[in-house]
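Protein chains in written order, with the numbering used here: chain E, 46 to 525; chain H, 46 to 525.
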């Protein structure tokens, strides 16, 4: 007997029994992360990091297509620099990690490990922006950031995480506002077209805005269990930072002006969104466009003559166009099926002696487990179509879950009842007052405003909380 | 008159007058970096970062081709973890930046911002290596590291820098030793074939080894002024870290064994090597394979009918195969010539009305300024050849400089005379005693052993310093 046959793929907790434990099981057993002795930090293992590399490649191409350039700013922010914009420092100082010693010496000024880099970009913008001809500046940075967290979970909330942060400067308010929305749309279409994740987008309330921003826009995908995950944010700053950092340029009319600023970020949390949107009780399910392995070839009865040779031939045929792996190890076929399901490989190709006689093979969707017999003639096109189908199935399933779990509340009782008995989003009218947000959060034990969508339904004339005239329809929900 | 015509490209200091100032001028005026208010840290601007992206892409493909996988480890190393390997902590502790506060709270254990990640990898290896079947582990990480520096220079020595660090674990000593040399060869061929930089390679002396390594191998390119820059290092660790971190695996004979380890790194210093190996008094010269712009098209007499249209047509023809830019701005032709020379663009394409009549254009090498008239029929192939020629010219010129500046010393007097009056490398015999290294360094004000090359010349029987029997021929030199 083959030596590994005894080893079965380990079981994971069922989603319905304990969603949090299911998540922990998946990230460990799909070998995405390892825990580290460094409090709050995670180790991203090869399979997890390959997902991040595919995310980076896709997003980076989208940014560059729109004219953005990558740069690299320092890891450290001197305390005095962080303090230049008052709202910003108030928001971030409580979660800064502080470097106070360099080598053997106490530093004269302590350095914050960057939680975000607006202040560093502003210091640089001040040097490189003189004239309207220097605008716009469309910069992006791929880097690590640190926000000191008390309780942490892999990908969702860690003291250190990886992200991209875009920082742009513009001649006019209108152009900066357009950039803010343009980048939100990049995130929306990235989530939909690359990650197969539908999401609500909209504007954050005053209370939920980024520290220092005039407006924060957000993309809010819903996880399988109805909980929100903030998937990415895009901020319009006006010229508040420009004033605080004294960044000016000579305008077309030869007067000195302040430029208008944006920033936008998306992080390794998006991997958490993939796991919790698409996964099932058999493990991870990866959207084909970012899956490190898009297709695994599993030979059936591989000891039979010609099976492994044919499987290797198919691997070579497909490798130019897809990320493909052939598993010809001596593990049992059943073990392999379970293993690659756990790892979320979107498509499985089975090939055995009978298939070879028929010049065909079997493609199996990770989502539906539907089996399709396809001819080996023109196999790459069949695989292409099957991967597209997996993508569509994932998107459609997530959309149905989101729509099924999106509720409407027309009264406070209704709101509290939904919050207590359903897991999902609640649409409800709001007067615009932060006190009502606070009250709803307190009374529900954590339901917060997710966003004011671009198209608001008119559910009633009054705020669901206080009964005063409503200003907006807000989408509410619990969050990771 | 065009409004920018008055603005001429700023002059830079001549290399021969003041090499250090020339370097500073080039990194600023070619817009590679900006200085930051954060002590010891630099800002890498879009043009500089694009070079790093091309370096990453090239190296990453070489690593993956050999089976290495990328991972991500934490930014922080708890002090107790750093201390597990005694030589290692002794080498790095003096240059650590220490995080002592998280938010408002003093940490119970201070955290070092990683200067290198052996300790973190070892902690993880302990979790994921159980059996010989788990070996080899071939990991690599792209990240930032911090080493607290007193005096800093962009790319050459900064408190924070970007690099890749490979970390591998092997079943046998032989395999680990092979990996160490294999990765040194990857660096050597990357420098030669991608950066057009020839270099000596060899083994470091005991004194110059990496903290905790059994052997350190190095690649030592010579800068234009004869000074060495350590271009990359590859370390063999034996199983010292494995023992310190209690990493064991069950061998094929069913006994518990310690795995054998390597690490190897190459950083943004390589950009400093490019600048100082290839640059000239007109600015930067970039090797074509990593140049963000490989070819700039400059229309001559661009107001004449059809010139700009034709130039744009050529840009489109070339864009699929090369990184190409058309400068159709209203700056003067002379300004454009100087500007792209400063930025080190390897090839210039000039196109004017007369060229168009002849169905030709002119290609100008940034290295030799040689002009070649080429037909517009099959232009891409002509550009390909011209870029290859620039690469070869750069390599050849650097090789001649290196060989011309490599001296031999057969006595202490000869050694001291060369060290005082020539700038370059000195080949000389050595007894193997660190005291002689120390003495040569003191007497010359900084000439140190670069490496023991794989093939040693036999210059004499005795150490150039103490006269005792020689063990090795060493290449000596001053360093950045």
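Virtual Cβ for every residue (Gly too), placed ideally from N, Cα, C.
As the structure is a computational prediction, the values presented were derived from the model and not from experiment.
Cβ neighbours of residue i in the same chain (closer than 8 angstroms, five flanking residues each side left out)
i	result
residue 50 of chain E	Only weak support exists for where residue 50 of chain E lies, its pLDDT of 38 falling under 50; the coordinates are left without a value.
residue 396 of chain H	342, 343, 344, 345, 352, 355, 356, 359, 406 and 407
residue 233 of chain E	244, 246 and 264
residue 59 of chain H	67 and 326
residue 48 of chain E	Residue confidence is low: residue 48 of chain E scores 39 on pLDDT, short of 50, so the model does not pin down where it sits. No coordinate-derived value is stated.
residue 392 of chain E	333, 339, 340, 341, 408, 409, 410, 411, 428, 431, 432 and 435
residue 288 of chain E	303
residue 401 of chain E	351, 352 and 355
residue 368 of chain E	336, 337, 338, 339 and 340
residue 142 of chain E	157, 158, 191, 193 and 204
residue 513 of chain H	476, 478 and 507
residue 117 of chain H	186 and 188
residue 362 of chain E	424 and 425
Residues near residue i in its chain [Cβ-Cβ closer than 6 angstroms; skip 5 each side]
i	result
residue 192 of chain H	140 and 160
residue 64 of chain E	270
residue 26 of chain E	Residue 26 of chain E cannot be examined here, being either before or after the span of chain E that is shown, 46 to 525.
residue 254 of chain E	261
residue 108 of chain H	185
residue 524 of chain H	273
residue 437 of chain H	none
residue 495 of chain H	265, 273, 520 and 522
residue 505 of chain H	455 and 474
residue 416 of chain H	407 and 409
Neighbouring residues, chain H, relative to residue i (Cβ below 9 angstroms)
i	result
residue 169 of chain E	79, 81, 88 and 90
residue 172 of chain E	79, 80 and 88
residue 446 of chain E	Residues of chain H passing the Cβ test: none, with the nearest at roughly 30 angstroms.
Interface partners of residue i on chain E, CB under 7 angstroms
i	result
residue 121 of chain H	83 and 86
residue 140 of chain H	148
residue 533 of chain H	Residue 533 of chain H lies beyond the stretch modelled for chain H, which goes from 46 to 525, so this question has no answer here.
Assumed close pair residue i, residue j - CB separation to whole angstroms, cut-off 8 angstroms
i	j	result
residue 201 of chain E	residue 317 of chain E	4 angstroms
residue 509 of chain E	residue 456 of chain E	7 angstroms
residue 224 of chain E	residue 215 of chain E	6 angstroms
residue 312 of chain H	residue 280 of chain H	The pair is not a contact, with the Cβ atoms about 14 angstroms apart (cut-off 8 angstroms).
residue 209 of chain H	residue 310 of chain H	6 angstroms
residue 168 of chain E	residue 212 of chain E	Not confirmed; about 11 angstroms, so no contact.
residue 124 of chain H	residue 155 of chain H	5 angstroms
Buried or exposed by the 16-neighbour rule on C-beta atoms within 10 Å, applied to residue i
i	result
residue 135 of chain H	exposed
residue 46 of chain H	Residue placement at residue 46 of chain H cannot be trusted, given a pLDDT of 33 that sits under 50; what the coordinates show is reported in the next sentence. Exposed, since its Cβ has fewer than 16 Cβ neighbours within 10 Å.
residue 111 of chain E	exposed
residue 449 of chain H	exposed
residue 178 of chain E	exposed
residue 441 of chain E	exposed
residue 221 of chain E	buried
residue 500 of chain H	exposed
residue 315 of chain E	buried
9 angstroms Cβ cut-off: residues of chain E touching residue i
i	result
residue 143 of chain H	144, 145, 146, 147 and 148
Proximal chain E residues relative to residue i, where beta-carbon distance stays under 8 angstroms
i	result
residue 193 of chain H	147 and 148
residue 98 of chain H	115
Same chain only: Cβ atoms within 7 angstroms of residue i, ignoring 5 sequence neighbours per side
i	result
residue 76 of chain E	90 and 92
residue 322 of chain H	242, 266, 268, 269 and 443
residue 366 of chain H	425
residue 79 of chain E	88 and 90
residue 502 of chain H	472 and 518
residue 398 of chain H	346, 349 and 352
Closer than 7 angstroms at the beta carbon, the chain H residues around residue i
i	result
residue 94 of chain E	115, 116 and 117
residue 205 of chain E	119 and 120
residue 158 of chain E	144
At a CB distance below 7 angstroms, what residues from the region 101-119 of chain E approach chain H? Give them in sequence order.
114, 115, 116, 117, 118 and 119
Note down, in chain order, all residues in the region 391-424 of chain H with a beta-carbon under 8 angstroms from any beta-carbon belonging to chain E.
none
Taking only beta carbons into account, state which residues of the region 336-363 of chain H come closer than 7 angstroms to chain E, listed in chain order.
none
Taking any Cβ of chain E, which residues in the region 285-306 of chain H have a Cβ under 8 angstroms from it, in chain order?
none
Listed from N- to C-terminal order along the chain, which residues in the region 366-385 of chain H have their beta-carbon within a distance smaller than 9 angstroms of any beta-carbon of chain E?
none
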